[in-house]
Each structure stands twice: as structure tokens, then as C-alpha cells.
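Number of protein chains: 2
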Amino acid sequence: MTDNRVEALFKNESEPTTREKILDVAIDSIARRGFEAVSIRDIAREVGIRESSIYNHFKSKDEILDTIIEYFMVELSRSDPFETPMDVMLEKYGPEGFMNMAGRAYLERINRPRIARIWRIIAIELYRNEKVRQFFRTTMVQVPVSAWEQTFRRMAELGYIRECDTGVLAREFFYYSIYLFFDYFVISFNESTYCRFTEDMLEDLGPHIKFMMDAIKVGGAQ
Amino acid sequence: MTDNRVEALFKNESEPTTREKILDVAIDSIARRGFEAVSIRDIAREVGIRESSIYNHFKSKDEILDTIIEYFMVELSRSDPFETPMDVMLEKYGPEGFMNMAGRAYLERINRPRIARIWRIIAIELYRNEKVRQFFRTTMVQVPVSAWEQTFRRMAELGYIRECDTGVLAREFFYYSIYLFFDYFVISFNESTYCRFTEDMLEDLGPHIKFMMDAIKVGGAQ
DNA sequence: GTCTATACTTCGATAGAC
DNA sequence: GTCTATCGAAGTATAGAC
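As you go down the protein sequences, you meet chains A and B in turn.
Quick note: the first sequence uses my numbering, first residue 1, plus one each step.
Quick note: the second sequence uses my numbering, first residue 1001, plus one each step.
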């Protein structure tokens, strides 16, 4: 990238620039076949230019992937997930309702059209791209687990759930969710349905949330 | 392969054959860098022969990977996991003890030295190898989940746990386990510790089993 | 069964005309 | 900014001598 303004990569104007076309094609191809299997020639052909023209927009093949990943990270870190205070939400919907809504808010935030394909790229490149791995481990695992731990602690303080190990509880909730992510984007990946991932995930998440909340509701087992 | 006797690939004799050396080097390299990043030349160099000699043992690069995967599948499907009847185990150790022991037995069965590296290959190749994906989805997800569903149903029949949706229960237990697999072999993969995966997995599995069993023990929450 | 030599393809990337 | 032309490196695979 020349200007480092990742957030302005896609301007949503009527006619996309060549650079935007290249990124769009790259995102699509890499999500389908993986970075190593997609060549500069493949991308150029689909965009409708020669491969040498690619190098007017990116100085190497690696820079294309780096740009995609950086775009993804910036997009994810944009809007905050919660606007209404947790205590208010809890009082209004109860703990199970709160979790369902928080899950939905999170999934809707991370599932915009172009981003959904990059999720698949993240899942694929995780094993060989140290930057992606680092990002996933912290931003997609550790940070949410810590946040959920705080949330459960607050729930316990307010008497919505009984006292228990909130660290265990956070992992119980979130590791299952990450499994669903892998299931959706790798194990059971289906190219044709892959933009409905918010709906599908929520459907699978519902029984999980119910099971967990039943396990720790006030007056339940010790 | 010429003779299809996958199970006899590694004969454990004092001096490994060239074919065995090739497979060993291939397993190691592919587990580290992925199939596409490893070339025939890389493998030949490390074995100590010329690349053309590889073709005396395998007719293509793809056949090497196919052989590795087939070897893996056959090895996994060998010994049965349980020898002692479940009812006896349950009476002796209780439901939580039973699950811990079953987890340990399963993990020990699937974690032999050469196999541990192929687990990493499986995790890596999942996204682009339809055969691996099919195998994982059925043998590593659906079959164990069904088996655990049966097990939980029996536990409920015998009064060790209270009546509940055993399908939900089986997924609660096993999806978490599969997350641990991905965490171990992809997200938090560490080349230097990757043969201790049985011990590490069991350590993480303990609190999970305890949480689940607390949730469904007799006399707990409805 | 291993070697040398090589065919053939595809890859990422560059130079220079327009 | 796109084109033609091309380079050098690396890939899989084969032929044939020993």
C-alpha cells in the first residue's frame, strides 16, 4: 500500500478502481483455494488485465494478502459492539436473553459481505501466517474470553447466576463458539451458503447458551 | 501405492527402507510447512537422494500425501477404544471419572509418535482436501458425537445423570474437545511441544468435564 | 534403485514502449 | 496505467546410463 489508509480501500463508489477489483478478485479466489494456490496470473485474468499491471498497484503478491488482512483487522476493530449498558440489558432480557442478543450483535458486527470471505481466508492461513495466528489468538480468543469472564462476574454480582468459576464459564461459552466458526469455515464449509453464517451460527448457539444458563442459574446444582 | 497394504508401511525394522525414509521426511516437512510449500526436491534433499529417485517409490507428489492420509486412517481405525464394558466402568468410577478415563483412552489411542504429526497435516489440509474433510467430518465429529450421545443416554438410564437432551449434551462435550484440537494444532501450535498433546489436552479437558457433570448431576437444576 | 540430464510448465517479477 | 516481451527461478516429471 502506498498511503496506508486501509479503511478507505473500498470506497463504495459506482465504478470500482482497478485496485479495488484486484482486491475483490483476490479475496474471492484466496478464500476458495488458499493463497499459495492462487497466482498473480489467475487474479489478473479474472480482473481482465495483464499480470504485469498488477504490479502498478501492489509491489508483490504477498503485499496483496497483507493488505487484505490489514483491511480485515481495521474493519473488525471499528465500531464498538455494545451501546446499551450491560446492566440495563440484563434487567430487561435476563441472562439468557442477554447472551443471545450479545451473540447476535457480535456476529452481525463481524459479518459484512466482503468480510465473510476474509473469515475463510483467516481460517485457512492461520497455520502458516504468524501475523494472522497472533491476531486470532489474541483478538479472537483471549480478548473475548476475558470480556465474557468480566460479564459473567457481573452477572454473578447482580445475582442473575450463581457464584462459580467465571474463567471456566467464559471458556465453556466461547470455545464452543470458536468450534462453530471452524465448523462453518473449514470442516463443513459450503461455498454456496457462506454468507448466512450469522443465522446459522445463532441457530447452533441457541441450545448451547440454554444449556449453559440452565447449568448456572440461581438455585441450580452446586 | 503398489500393494495397498498401508498398515505395513512402517515395519519398525532397524534400518528403514528408502520408501519409509521418504514418508517420514514428507510427514515431518508437510506438518511444518503444508503440502503445497514442500517440494519433491525438498524431500529428496533431506532423504539424501535425487528427486528423480522419489519416482521409483511414488508415482507423483500427490500419491505421497494420499499414502500418508491413508496410513493415518487405517491406523486410527485399528484397535477398539473400549475393552471394559461401560456399565462396569461407570459403577467403579462414576460418570465424571468415566469421562476422564474415556478421554484419556481416546487420546492415547490417537497419539502415537508418527501419528501426532499427521494430526497437524490433517488440520492443515482440511480446507482444500475433500477426502480429508469428509473423513474429519464423519470419523472425527459425527461418529464420536453419536457415540457420546449413546453413552449419555445410558448414563441417564442408569440414574448417574438426570434426564436431558443427550444430543445437546454430546455436542457440548465434544465440540469443546475439537476446539482444543484446533487450538493445539493450529491456533496455539508450538512445534517443540507437540508430542505432549495427550497430557495438555487432558489438562484442559478436566475442568470442562467437571463443569458438564456438575450441570447434569442428579438433583441439580432442571 | 540411484544417478545425470533434461523436458516442460508455471511462477513471481521487471523493462520499456505506448 | 496498461500493454508486450522476457527473465530467472522453481516446480513436477521422464528418459536412459549404470
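Ideal Cβ placement from N, Cα and C applies to all residues, glycine included.
Which partner residues of residue i appear in the DSSP bridge assignment?
| i | result |
| --- | --- |
| Lys1217/B | Ile1161/B |
What's the C-alpha gap between residue i and residue j?
| i | j | result |
| --- | --- | --- |
| Ile30/A | Lys11/A | 22 Å |
| Ile1027/B | Ile124/A | 20 Å |
| Val132/A | Phe72/A | 11 Å |
| Glu1051/B | Phe136/A | 38 Å |
| Ser1192/B | Lys92/A | 50 Å |
| Ile22/A | Ile118/A | 14 Å |
| Phe1035/B | Leu1065/B | 8 Å |
| Gly1103/B | Ser14/A | 56 Å |
| Glu75/A | Asn1111/B | 40 Å |
| Glu172/A | Asn100/A | 15 Å |
| Thr1166/B | Arg1153/B | 6 Å |
| Glu1020/B | Phe58/A | 44 Å |
| Arg1114/B | Leu90/A | 50 Å |
| Trp229/A | Tyr1179/B | With chain A covering 1 to 222 only, the question about residue 229/A has no answer from this structure. |
| Met1212/B | Leu1205/B | 11 Å |
| Phe182/A | Ala215/A | 25 Å |
| Glu83/A | Tyr106/A | 12 Å |
| Thr67/A | Arg78/A | 17 Å |
| Val1038/B | Tyr1184/B | 22 Å |
| Lys1217/B | Pro144/A | 29 Å |
| Ala1116/B | Asp1200/B | 13 Å |
| Asp3/A | Arg32/A | The predicted model places Asp3/A with a pLDDT of 44, which falls under 50 and marks its position as unreliable; any figure quoted below should be read in that light. Each residue's alpha carbon lies about 29 Å from the other. |
| Asp1062/B | Tyr1055/B | 12 Å |
| Tyr1160/B | Arg128/A | 45 Å |
So, helix, strand or coil for residue i, using DSSP?
| i | result |
| --- | --- |
| Arg196/A | coil |
| Phe1182/B | helix |
| Thr17/A | coil |
| Glu1036/B | coil |
| Ile64/A | helix |
| Ile22/A | helix |
| Leu202/A | helix |
| Gly1048/B | coil |
| Phe173/A | helix |
| Phe1189/B | coil |
| Lys210/A | helix |
| Lys59/A | coil |
Throw me the rounded Cβ distance for the residue i and residue j pair, which I believe falls under 8 Å.
| i | j | result |
| --- | --- | --- |
| Val141/A | Ile1187/B | 7 Å |
| Ile43/A | Val25/A | 5 Å |
| Tyr176/A | Tyr1176/B | 6 Å |
Does the distance between the C-beta of residue i and the nearest non-hydrogen atom of the ligand HEM fall short of 7 Å?
| i | result |
| --- | --- |
| Val1141/B | With respect to small molecules bound, the structure shown includes none, and the ligand HEM cannot be examined in it. |
Quiz item: If you scan the stretch 1069-1156 of chain B from start to end, which runs of the alpha helix (DSSP H) of 4 or more residues do you find wholly inside it?
Solution: 1086-1110, 1113-1125, 1130-1135
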